[in-house]
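I have placed the structure first, in the form of structure tokens, so that the comments after it can refer back to it.
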Amino acid sequence: MKLKEYEAKDLLNKAGIRIPCGLHVKKGEEFIVTPDIKEAVVKAQVEVAGRGKAGGILMAEYAKIQEVADQLFGATIKGVPVEEILIEEKLQIQHEYYLSITIDRSQKAPVILFTTEGGVDIEEVAQKNPDAIRKVTVFPLLSSVPGYSLRYLLSGAPKEIGPVIQKLYSVFMAQDALLAEINPLVMTPEGLYAADAKLILDDNALARHGISENRDLSERERLAAAHGFSFVELNGNIGVIGNGAGLTMATVDLINRMGGKPANFLDVGGGADRVRVAHAVRLLGSMPDVTVIIVNLLGGITRCDEVAAGIIEAGVSQQIIVRLAGTNEVEGKALLSSKGYRMLDTMEEAVHIAVEAAS
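Going by the UniProt record's numbering, the first residue of the sequence shown is number 1, and it counts up by one from there.
In structure tokens, the structure reads:
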């Protein structure tokens, strides 16, 4: 789950990383900014990438802060209405750095990335000057970053950055994070500041941090989670239901390979009964872009006649292409045949027909 900037900065501040003096304000709240802030940066607290380029970060002199705040509260950033803002003192930036920690899945360990070319998209640095980015992996059972790793990362950069890397690593580990990023980490006459921060927590660890609900989920994803489905929304028009992550992923891949566009990944899991299957079909039927649904299930502990009954019970308007094989296959096909559903014997045939129907 993505934390908002002010939430991420609060955790960094508690870990001892300096952040700009600021004020978090919700829409409709009255606020007073200390006159010590001669010039402010007013930031929309929306969880979208490229917020600044989309007009979500504005500068304001003290006398104009309220006006600029009202302007942001009336805006939408990449389709997301602004409900919260962060007002911060404008820093006197001498240099900008990039610092992040994420998971290197190939190494199964945290990896720290650092470059003296901060303040811009890290992808741009990686493309134009990849040697400028230094990275080290850290053995996951270590409680701190080894000194030799810090020396390699800094390589001529100010030594004061070393403690910041250690503190960010402690936040990354303590919060079960998937990403902890400071961009830019800025040097000012008063020292280093985290001018912007991003923190993404592992969804599987939310309960450990007292978070009962993942607010990143869409309404359909919440409904899918309530029914116990593994569900991911995509951008296509072919709904996909399978049982088992491998079979469902193979179906999604084959749709792409045959030129179609899958609308989702939905694994109903093993032993799905008619009620569970009906919920899955209705969920995809509620997606406005879905024009055809492919159901690709292998009966083992899942009974094909229960799957068929669930498909019929759902009663959605979209065309449904079915491939069933395994336990009670004959009974399941007989049920679907009596209602006129189209069935194919192989996954390739079913996907081919679904792609044709959706085109």
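Note that the Cβ used here is the ideal one computed from N, Cα and C, for glycine as well.
Please report the residue range of the beta strand (DSSP E) in which Tyr-98 lies.
-> Stepping through the sequence shown from its first residue, residue 98 is reached at position 98. Unbroken beta strand (DSSP E) run through Tyr-98: 95-104.
For Val-46 and Asn-129, the rounded distance between their alpha carbons = Here residue 129 refers to the residue found at position 129 of the sequence shown. Here residue 46 refers to the residue found at position 46 of the sequence shown. C-alpha separation (whole angstroms): 30 Å.
Using the beta-carbon count (16 or more within 10 Å), is Lys-38 buried or exposed?
-> Numbered from 1 along the sequence shown, position 38 holds the residue referred to as residue 38. Its Cβ having fewer than 16 others within 10 Å, Lys-38 is exposed.
If we call anything under 9 Å between Cβ atoms a contact, is Lys-198 one with Leu-179?
-> On the sequence shown, position 198 is the one that residue 198 refers to. On the sequence shown, position 179 is the one that residue 179 refers to. Between Lys-198 and Leu-179, the C-beta gap is smaller than 9 Å, which places the two residues in contact.
Output the distance between the C-alpha atoms of Pro-158 and Tyr-62, rounded to the nearest integer angstrom.
-> As a working note, residue 158 is residue 158 in the sequence shown. As a working note, residue 62 is residue 62 in the sequence shown. Straight-line measurement puts the Cα of Tyr-62 at about 32 Å from the Cα of Pro-158.
Taking Pro-35 as the reference, which of Gly-55, Gln-66, Ala-44 has the closest Cα?
-> Translated into the one-based positions of the sequence shown, residue 35 becomes position 35. Minimum Cα-Cα distance from Pro-35 among the listed residues Gly-55, Gln-66, Ala-44 corresponds to Gln-66.
If you drop the 5 nearest sequence neighbours on each side, which residues of the same chain put their C-beta closer than 7 Å to that of Gly-340?
-> Locating residue 340 in the sequence shown gives position 340, where the first residue counts as 1. So the list is empty, once near-sequence residues are dropped.
Spatial distance of Arg-18 from Asp-104 (CA atoms) | Counting from one through the sequence shown, the residue named residue 18 turns up at place 18. Counting from one through the sequence shown, the residue named residue 104 turns up at place 104. Using only the alpha carbons, I get a separation of about 27 Å.
Can Ala-132 and Thr-116 be called in contact, C-beta distance under 9 Å?
-> In the sequence shown, the residue the question calls residue 132 occupies position 132. In the sequence shown, the residue the question calls residue 116 occupies position 116. Taking 9 Å as the Cβ cut-off, Ala-132 and Thr-116 qualify as a contacting pair.
Would you mind giving the Cβ-Cβ distance between Asp-267 and Gly-239, rounded to the nearest angstrom? I have them listed as a contact below 8 Å.
-> The residue labelled residue 267 in the question sits at position 267 within the sequence shown. The residue labelled residue 239 in the question sits at position 239 within the sequence shown. Taking C-beta atoms under 8 Å as the contact rule, Asp-267 and Gly-239 fail to qualify, at a distance of about 13 Å.
Beta-carbon contacts of Leu-298 that lie in its chain and below 6 Å, excluding the five residues immediately before and after | In the sequence shown, counting from the first residue as 1, residue 298 sits at position 298. In the same chain as Leu-298, and ignoring 5 residues on each side of it, the C-beta atoms closer than 6 Å to its own belong to Ala-325, Gly-326, in chain order.
Taking only runs that begin and end inside the stretch 162-201, name each unbroken beta strand (DSSP E) of 3 or more residues, in chain order.
-> As far as the stretch 162-201 is concerned, its whole beta strand (DSSP E) runs of at least 3 residues are 177-188, 191-194, 197-201.
With 16 other Cβ atoms within 10 Å as the buried cut-off, status of Tyr-148 = Position 148 of the sequence shown, counted from the start, is the residue given in the question as residue 148. In the assembly as shown, Tyr-148 is an exposed residue. Its beta-carbon has fewer than 16 other beta-carbons within 10 Å.
Nearest to Ala-49 by alpha carbon, out of Glu-123, His-24, Asp-176, Arg-208?
-> One-based indexing of the sequence shown puts residue 49 at position 49. For Ala-49, the closest of Glu-123, His-24, Asp-176, Arg-208 by C-alpha to C-alpha distance is Glu-123.
Validate contact between the stretch 2-13 and the stretch 89-106 using beta carbons, cut 8 Å, 3 pairs = No contact exists between the stretch 2-13 and the stretch 89-106.
Does the stretch 251-258 come close enough to the stretch 223-230 to have 3 or more Cβ pairs within less than 8 Å?
-> A contact is defined here as three or more CB-CB pairs under 8 Å, and the stretch 251-258 fails this definition with respect to the stretch 223-230.
Cα separation between Leu-201 and Asp-345?
-> Here residue 201 corresponds to residue number 201 of the sequence shown, with the count starting at 1. Here residue 345 corresponds to residue number 345 of the sequence shown, with the count starting at 1. Each residue's alpha carbon lies about 43 Å from the other.
Evaluate contact between the stretch 137-147 and the stretch 69-78, counting only Cβ atoms and requiring at least three cross-stretch pairs below 8 Å.
-> Proximity of the stretch 137-147 to the stretch 69-78 falls short of the contact definition, fewer than three beta-carbon pairs being nearer than 8 Å.
Take the Cβ of Ala-60 as the centre, count every other Cβ of all protein chains shown within 10 Å, and call the residue buried at 16 or more, exposed below.
-> As a working mapping, residue 60 is identified with position 60 in the sequence shown. Buried, because 16 or more other Cβ atoms sit within 10 Å of the Cβ of Ala-60.
Inspect the CB distances between the stretch 202-217 and the stretch 308-319 and report whether three or more fall short of 8 Å.
-> These segments do not touch.
Alpha-carbon spacing of Lys-333 relative to Ile-301, whole angstroms = For this step, residue 333 is matched to residue 333 along the sequence shown. For this step, residue 301 is matched to residue 301 along the sequence shown. About 17 Å.
Alpha-carbon spacing of Lys-53 relative to Ala-15, whole angstroms | Taking the first residue of the sequence shown as 1, we reach residue 53 at position 53. Taking the first residue of the sequence shown as 1, we reach residue 15 at position 15. Cα to Cα, Lys-53 sits roughly 30 Å from Ala-15.
What do you get for Val-82, buried or exposed, if any count of 16 or more other CB atoms within 10 angstroms of its CB means buried?
-> For this step, residue 82 is matched to residue 82 along the sequence shown. By the neighbour-count definition (other C-beta atoms within 10 Å, threshold 16), Val-82 is a buried residue.
Under 9 Å, do Gly-236 and Asp-289 count as touching if we go by C-beta distance?
-> On the sequence shown, residue 236 is found 236 positions in, with the first residue counted as 1. On the sequence shown, residue 289 is found 289 positions in, with the first residue counted as 1. Yes, the pair counts as a contact, with Cβ atoms nearer than the cut-off.
Look up Gly-271 in the DSSP assignment and say whether it is helix, strand or coil.
-> Here residue 271 corresponds to residue number 271 of the sequence shown, with the count starting at 1. In the three-state scheme derived from DSSP, where H, G and I count as helix and E and B as strand, Gly-271 is classed as coil.
Three-state secondary structure assigned by DSSP to Gly-22 | For the purposes of this step, residue 22 is identified with residue 22 of the sequence shown, where counting begins at 1. Gly-22: strand per DSSP, three-state reduction.
Straight-line gap, Thr-76 to Gly-270 (C-alpha atoms, nearest Å) | The residue given as residue 76 occupies position 76 in the sequence shown. The residue given as residue 270 occupies position 270 in the sequence shown. Each residue's Cα considered, the two are about 42 Å apart.
In this structure, does DSSP put Pro-130 in helix, strand or coil?
-> Taking the first residue of the sequence shown as position 1, residue 130 is located at position 130. Reduced to three states, the DSSP call for Pro-130 is helix.
Taking just the CA atoms, how far does Asp-273 sit from residue 363?
-> Summary: the structure shown does not reach residue 363, with the chain confined to residues 1 through 359, and so no result is reported for it.
Relative to the C-alpha of Phe-114, which residue among Gly-56, Ile-182, Ser-143 is closest?
-> For this step, residue 114 is matched to residue 114 along the sequence shown. From the listed residues Gly-56, Ile-182, Ser-143, the smallest Cα separation to Phe-114 is found for Ile-182.
If we count the other Cβ atoms within 10 Å of its Cβ and call it buried at 16 or more, is Leu-3 buried or exposed?
-> Here residue 3 refers to the residue found at position 3 of the sequence shown. Taking a 10 Å sphere around the C-beta of Leu-3, we find 16 or more other C-beta atoms and assign the residue as buried.
heavy atom of the ligand SAH below 8 Å from Tyr-193 C-beta | Of the ligands one can find in the structure shown there are none, so the ligand SAH has no counterpart to examine.
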